[in-house]
Each structure stands twice: as structure tokens, then as C-alpha cells.
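Numbering (my numbering), first residue to last: 5 to 172. Just so it is clear, CB atoms sit at the ideal spot from N, CA and C, and this is done for glycine as well. Heads up, the thing below is written out as C-alpha cells.
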């Protein structure tokens with residue numbers, strides 16, 4: 005997370021620039037990057053297990069939870085054992101989303117989370133993100149150019165020339 009060149013960002017009443025950013029990302033905010041940032045030498049399951057292991061979860065429990073999350077984003081069990089280079093872009097995208105959920109933070113920042121998905125999987129991921137927000141209590145912030153995805157959100161903000169305004 006970058007520090008703004010002007011102004012202050014507050015998270016739960018605390019200025020972001022005063023926080024330990026590494027600790028904040030580990031415990032409060034998970035990011036789904038547009039380019040995935042999966043570890044190439046780890047399988048899909050191991051990539052999803054990683055944030056749980058950082059939080060000292062037992063390997064066996066992390067493996068079980070990772071499989072559940074990969075299934076939740078619509079990936080078959082065979083994908084669990086595959087390395088990123090063996091997966092399609094859409095599969096890598098869904099692994100990245102599962103990893104963000106595995107991190108267990110309160111906020112998920114998703115940069116173009118459906119950018120590499122076909123229409124069916126786009127709908128599934130949008131439904132999952134809505135479920136995470138409405139049923140699991142996450143704050144889900146989606147950055148997208150996809151109007152279909154934007155229409156499915158509770159609030160829409162537009163950024164123009166460095167200024168943010170609420171559209172809906």
C-alpha cells in the first residue's frame with residue numbers, strides 16, 4: 005500500500021501512515037493483484053496456505069482450509085497440485101482470490117478480480133465477493149473497469165484527476 009502524496013487515509017480511525025504497514029497487510033487487509041503475484045515454485049494449494057502459515061496455523065489445518073477455499077472459488081481438486089505456470093489466467097486469478105480470503109483480514113482490495121475470467125466464472129467470483137461482504141462481514145473494495153462488475157456492487161466511486169466522487 006502506497007502512502008498518499010497529499011492528504012491522509014484513515015482506517016478505523018487511525019491514520020494509515022502511522023501504522024506498521026506490514027502488520028496491517030498481514031492482519032487486516034488482503035490484496036488480489038491484477039497480475040496475481042502467485043509464487044511460481046508453490047502449488048495452488050501452497051500459495052493459498054502461505055498467509056495462514058505466516059499466522060502460525062498448523063500445516064495440516066492450513067492445507068485443509070486451502071482446499072476448501074480453492075473449491076469455494078470453483079477450482080477442481082487437481083488444480084491444488086498445479087504450479088501457476090500450468091494454470092490458465094482465470095485459474096491463477098481464482099487462486100489469488102482464495103489466497104486473499106485465506107489471509108483472514110477484514111478488508112479485501114481486489115484489483116480487476118474478474119479481468120481474466122470467462123462470463124460464468126466472472127459471475128461466480130462476483131457472487132463470492134458479495135457473499136464475503138454480506139455474509140462473512142468483509143469490506144470488499146473492487147477496482148474495475150468492467151461495468152457489469154460495477155453494477156453488482158453496493159457503492160460505486162469514480163476517480164478522476166486524483167479526486168474521488170461517489171457515483172452511486
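Whole-angstrom distance between residue 84 and residue 75, CA atom to CA atom: Start at 1 with the first residue of the chain shown, and residue 75 comes out as number 71. Start at 1 with the first residue of the chain shown, and residue 84 comes out as number 80. Their Cα atoms are separated by approximately 9 Å.
Whole-angstrom distance between residue 91 and residue 118, CA atom to CA atom: Walking along the chain shown from the start, residue 118 turns up at place 114. Walking along the chain shown from the start, residue 91 turns up at place 87. Computed Cα separation, rounded: 16 Å.
Spatially closest choice to residue 144 from 151, 130 and 73, by CA coordinates: Translated into positions along the chain shown, residue 144 becomes position 140. For the residues 151, 130 and 73, the minimum Cα distance to residue 144 belongs to 130.
Residue 97 versus residue 45 - alpha carbon distance: Translated into positions along the chain shown, residue 97 becomes position 93. Translated into positions along the chain shown, residue 45 becomes position 41. Approximately 17 Å between the Cα atoms of the pair.
Contact check, residue 142 vs residue 101, beta carbons under 9 Å: To locate residue 142, count along the chain shown from 1; it is residue 138. To locate residue 101, count along the chain shown from 1; it is residue 97. Contact flag unset, no.
Reduced DSSP category for residue 122 - H, G, I as helix; E, B as strand; rest coil: Sequence index remark: in the chain shown, residue 122 carries index 118 (1-based). Reduced to three states, the DSSP call for residue 122 is coil.
Classification of residue 169 by the beta-carbon crowding that lies within 10 angstroms, buried from 16 upward: Start at 1 with the first residue of the chain shown, and residue 169 comes out as number 165. Residue 169 should be labelled exposed.
Coarse secondary structure for residue 71, derived from DSSP in three states: Residue numbering aside, residue 71 sits at position 67 when the chain shown is read from its first letter. Three-state DSSP puts residue 71 in a helix.
Closest Cα partner of residue 121 within the set 62, 25 and 150: Walking along the chain shown from the start, residue 121 turns up at place 117. It is 150 whose Cα lies nearest to the Cα of residue 121.
Closest residue to residue 70 among 153, 105, 157 and 113 (Cα-Cα distance): The residue given as residue 70 occupies position 66 in the chain shown. Comparing Cα positions, the closest option is 105.
Residue environment, residue 51, which counts as buried when at least 16 other CB atoms sit within 10 Å: Taking the first residue of the chain shown as position 1, residue 51 is located at position 47. It is buried - the Cβ of residue 51 has at least 16 other Cβ atoms within 10 Å.
Residues near residue 57 by beta carbon distance below 6 Å, same chain, minus five either side: The sequence position of residue 57 within the chain shown is 53, counting from 1. For residue 57, where only same-chain residues beyond five positions count, the Cβ hits under 6 Å are 66.
DSSP three-state assignment for residue 13, whether helix, strand or coil: Position 9 of the chain shown, counted from the first residue, corresponds to residue 13. Coil at residue 13, not helix or strand.
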